[in-house]
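All remarks here apply to the structure that follows.
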């Protein structure tokens, strides 16, 4: 079974950044997330978009659409 949603600690570990960095990206609406109770989840498509665009590696350029949601990634 493929994992569809990731937790903040999982995303932070994957991109080698702090959990507070991930929380800040979510708060600033650069990283779309779903609230489930008191926890936040990030969709696999969002993670893939960030990886492909190099957005977590400091490779974002002025033309990158940082606020894309998973629904627009089709």
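Numbering (our numbering), first residue to last: 3 to 76. Ideal Cβ positions, reconstructed from N, Cα and C, are used throughout, including at glycine.
Secondary structure at residue 9: strand, using DSSP grouped into helix, strand and coil.
When the Cα atoms are used, residue 28 and residue 8 turn out to be separated by approximately 13 Å. The residue from 22, 34 and 26 with its alpha-carbon nearest to that of residue 51 is 34. Taking the C-beta atoms as reference points, residue 42 is found no nearer than 7 Å to residue 13. Remark: C-beta atoms of residue 46 and residue 6 approach each other more closely than 7 Å.
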